[in-house]
Amino acid sequence: METVIGFTAIAVALLIGLGALGVGIGMGLLGGRFLEGVARQPELAPMLQTKMFIVVALLDAVAMIGVGIALFFAFANPFIGQLQAATGG
Amino acid sequence: MASESGHGPQTTGEYIQHHLQNLQVCKDSSGDWVWNHCTGNPMTINVDSMFWSVLLGLVFVTLFRSAAKKSSAGEVGKFQAAVEIIVDFVDSSVKDTFHGKDKLIAPLALTIFVWVFLMNLMDLIPVDLIPLAAGAVGIPYMKVVPTTDVNVTFGMSISVFVLIIFYTIRSKGVLGFVKEMTLHPIAPPLKGPGLIAAPFIIAFNLILEIVALIAKPVSLSLRLFGNMFAGELIFILIALIGWYQLPLHFAWAVFHVLIVTLQAFIFMMLTIVYLSLASESH
């Protein structure tokens with residue numbers, strides 16, 4: 001039981017952390033390109049900003065799905081139910 | 090913040106679990122409708138999500154209808170100006186993205202944007218406020234943000250998915266739909282010696298295209314659900330720490346306003362983009 005809970009905690013941390021890592025790098029690149037584009041052509045700034053927010057939300061999606069699954073495991077761990085059923089809880 | 094009355098002080102885990110629980114009604118094995126004993130029962134209705142989402146939909150419809158009825162071309166009041174700004178914004182988004190003529194897209198986009206925005210906005214109400222008031226009336230659980238219920242977001246995205254398929258078939262025909270699924274991205278050789286490889290290429294195309302097709306509603310709904318659920322959970326966790334929660338709540342709420350608006354905008358934008366892709370040929 002302790003190993004299940006311990007490994008679940010590590011899994012939750014990996015899900016959230018690796019998602020955040022990827023999204024952080026991606027958004028950093030995106031923001032840098034956006035600033036370069038606006039520096040070259042400032043009149044395109046509003047249009048580019050709209051498109052940037054669209055890509056930000058698309059990047060967020062996969063990270064958030066990971067966060068959602070991680071929080072599900074943190075608060076409603078199905079493995080504990082399985083373990084209790086298997087050991088006659 | 091407050092501890093439950095009746096069975097001693099709650100643990101933090103119980104507080105969190107209590108706030109993450111919907112008000113559910115279901116038909117149990119003996120055929121009666123019971124409240125809140127519904128784990129594992131697929132025939133469950135989350136009454137609080139249904140109530141708040143329908144109520145906010147009615148708020149949206151009545152507000153915008155009253156603005157439309159009382160609209161005047163001369164003196165424009167603040168409320169009418171606000172509604173005009175929103176409608177204009179949605180209209181320009183649709184015009185930029187949807188390359189076709191269809192009367193459904195702009196009202197659909199407006200409904201999705203304002204309804205999702207209103208539902209997400211409920212997340213900014215203090216965590217304990219409405220559940221405590223409901224508890225005083227005898228309602229044990231109340232989650233006021235419908236978009237933190239995965240059923241609500243999947244309901245919306247499955248409706249959009251049905252519309253995508255409908256638009257694809259309407260503009261390309263059933264044969265065009267099948268062709269789009271099987272002949273993209275790799276065009277199989279349909280005459281000559283390469284014909285032997287055609288079934289494998291068609292199967293490969295079909296798998297890729299089905300995954301891409303299913304990814305649309307799944308990602309649309311889970312994106313909105315994940316963002317809102319994580320936001321609500323952080324509000325609940327901040328609420329656990331006593332009096333220092335007020336500045337933290339404020340800081341997180343300011344950030345969350347951006348997320349709320351952005352997620353509503355993204356749901357609308359992606360709906361328009363998917364429907365635009367569905368109704369134009371490659």
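Protein chains in written order, with our numbering: chain A, 1 to 89; chain B, 90 to 371. Virtual Cβ for every residue (Gly too), placed ideally from N, Cα, C.
Residue i lies in the alpha helix (DSSP H); which residues open and close that run?
i              : result
W204 (chain B) : 194-210
W341 (chain B) : 334-367
Q99 (chain B)  : Note, Q99 (chain B): premise wrong, no alpha helix (DSSP H); not H, not E.
G166 (chain B) : Note, G166 (chain B): premise wrong, no alpha helix (DSSP H); not H, not E.
F79 (chain A)  : 78-86
G224 (chain B) : 218-226
What does residue i pair with, by DSSP beta-bridge criteria?
i              : result
N372 (chain B) : The structure shown does not extend to residue 372 (chain B), since chain B is modelled only from 90 to 371, so the question has no answer here.
N135 (chain B) : B:Q113
V62 (chain A)  : Paired residues: none, contrary to the question.
V123 (chain B) : B:C115
Measuring from the CB of residue i, is there a heavy atom of the ligand ADP at a distance below 7 Å?
i              : result
I325 (chain B) : Among the components modelled here there is no ligand, and therefore nothing to report on the ligand ADP.
*asked:* What are the residues in the region 314-345 of chain B lying within 8 Å of chain A by C-beta distance?
replied: F314, G315, N316, F318, A319, L322
Residues of the region 48-71 of chain A with Cβ closer than 9 Å to any Cβ of chain B, in chain order: T50, F53, I54, V56, A57, L58, D60, A61, V62, A63, M64, I65, G66, V67, G68, I69, L71
Check your understanding: Which residue spans inside the region 1-59 of chain A form an unbroken beta strand (DSSP E) run of at least 3?
Key -> none
Inset, instruction - Could you say if the region 163-183 of chain B and the region 265-275 of chain B meet the contact criterion of at least three C-beta pairs nearer than 8 Å? - result: no
ask   = Does the region 243-255 of chain B come within contact of the region 303-318 of chain B, defined as at least 3 CB pairs closer than 8 Å?
value = yes
Next item on the list: Could you name each continuous alpha helix (DSSP H) segment of 4 residues or more that falls completely within the region 234-320 of chain B, going from the start of the chain to the end?
Entry: 239-272
message: Count Cβ pairs between the region 199-216 of chain B and the region 228-248 of chain B that sit closer than 8 Å; are there 3 or more?
response: yes
Can at least three beta-carbon pairs, one atom from the region 192-205 of chain B and one from the region 355-366 of chain B, be found at a separation below 8 Å?
yes
- Query: Taking a cut of 9 Å between CB atoms, which residues from the region 98-122 of chain B lie near chain A?
  - Reply: G102, I105, Q106, L109
Against chain A: residues of the region 261-291 of chain B by CB proximity under 8 Å:
none
Taking contact to mean 3 or more Cβ pairs, one atom from each stretch, closer than 8 Å, check whether the region 47-64 of chain A and the region 23-35 of chain A are in contact. yes
Is there contact between the region 290-300 of chain B and the region 324-343 of chain B, where contact requires at least three CB pairs shorter than 8 Å? no
Pairing CB atoms from the region 215-232 of chain B with CB atoms from the region 109-125 of chain B, are three or more of them under 8 Å?
yes
Taking 8 Å as the threshold, find out whether the region 65-83 of chain A comes into contact with the region 3-12 of chain A through three or more Cβ pairs.
yes
Interface residues of the region 235-261 of chain B facing chain A [CB-CB below 8 Å]:
none
**Prompt:** Touching or not, the region 213-225 of chain B and the region 337-351 of chain B, by the rule of three or more beta carbon pairs under 8 Å?
**Reply:** yes
### Task
Pair every Cβ in the region 253-260 of chain B with every Cβ in the region 152-168 of chain B, then say whether three or more of these pairs are closer than 8 Å.
no
So if I threshold CB-CB distances at 7 Å, which residues from the region 355-370 of chain B count as touching chain A? I355, M358
Chain A contacts from the region 209-225 of chain B (Cβ-Cβ distance under 9 Å): none
### Task
Would you list, in chain order, the members of the region 139-160 of chain B that have their beta-carbon closer than 7 Å to a beta-carbon of chain A?
none
> Any residues in the region 73-88 of chain A with a beta carbon nearer than 7 Å to a beta carbon of chain C? Which ones, in chain order?
Replying inline: In summary, chain C is missing from the structure at hand, where the protein chains are A and B.
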